[in-house]
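Before any comments, here is the structure.
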Amino acid sequence: MTHIYLFQFFIFSICVNFFSIFTWLIYYSGLLTSNLFQDIKSEYDYIIVGSGTAGSLIAHRLAETNYTYIVIEAGGFGHHFHDIPAFGPLLLGSHFDWGFETVPQDNACLAMDGH
Numbered sequence: 004m005t006h007i008y009l010f011q012f013f014i015f016s017i018c019v020n021f022f023s024i025f026t027w028l029i030y031y032s033g034l035l036t037s038n039l040f041q042d043i044k045s046e047y048d049y050i051i052v053g054s055g056t057a058g059s060l061i062a063h064r065l066a067e068t069n070y071t072y073i074v075i076e077a078g079g080f081g082h083h084f085h086d087i088p089a090f091g092p093l094l095l096g097s098h099f100d101w102g103f104e105t106v107p108q109d110n111a112c113l114a115m116d117g118h
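For our numbering, add 3 to where a residue sits in the sequence shown, where the first one is 1.
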């Protein structure tokens, strides 16, 4: 029975890696990014800073009107490590997460070792 699960995991891993590499190749070959900044205008009716919950909602509402708007988000272009979940821990504490640290919580993440 264990061999079946190992085989399923192996096939799943191959599929995930194949599609990750395929997506990475398309993204970095420029097929998706060549027209990324062609439609930037010099003037907008609204400038939305941040695409969080409120910014996305405002952008959605403005899309239903005839106003022109642009959504600006913090940061620049990411590193290719962002696309690979296993490399996520390598980015902790770097400028990619702005060196964000939290205060230890006594009543949170109780299922984690050494919470």
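Backbone N, C-alpha and C fix where the C-beta goes; we use that ideal spot for every residue, glycine too.
(message) Considering just the uninterrupted stretch of the beta strand (DSSP E) at I61, what are its terminal residues?
(response) Run containing I61: none in the beta strand (DSSP E); it sits in the alpha helix (DSSP H), T56 to A66.
(request) Compare the beta carbon distance of A62 and I75 with 8 Å and say whether it is the shorter of the two. (result) no
(request) Using a threshold of 8 Å, state whether the C-beta atoms of D86 and L94 are closer than that. (result) no
(message) I'd like the span of the beta strand (DSSP E) that includes I50, first residue to last.
(response) Y49 to V52
(request) Note down the Cα distance separating I3 from L65, rounded to an integer number of angstroms. (result) Examination of residue 3 is not possible in this model, given that the chain is present from 4 through 118 alone.
(message) My output table needs one value for V74: the three-state DSSP class, helix, strand or coil.
(response) strand
(request) Give the single residue among V19, Y47 and V106 whose Cα lies nearest to the Cα of Y70. (result) Y47
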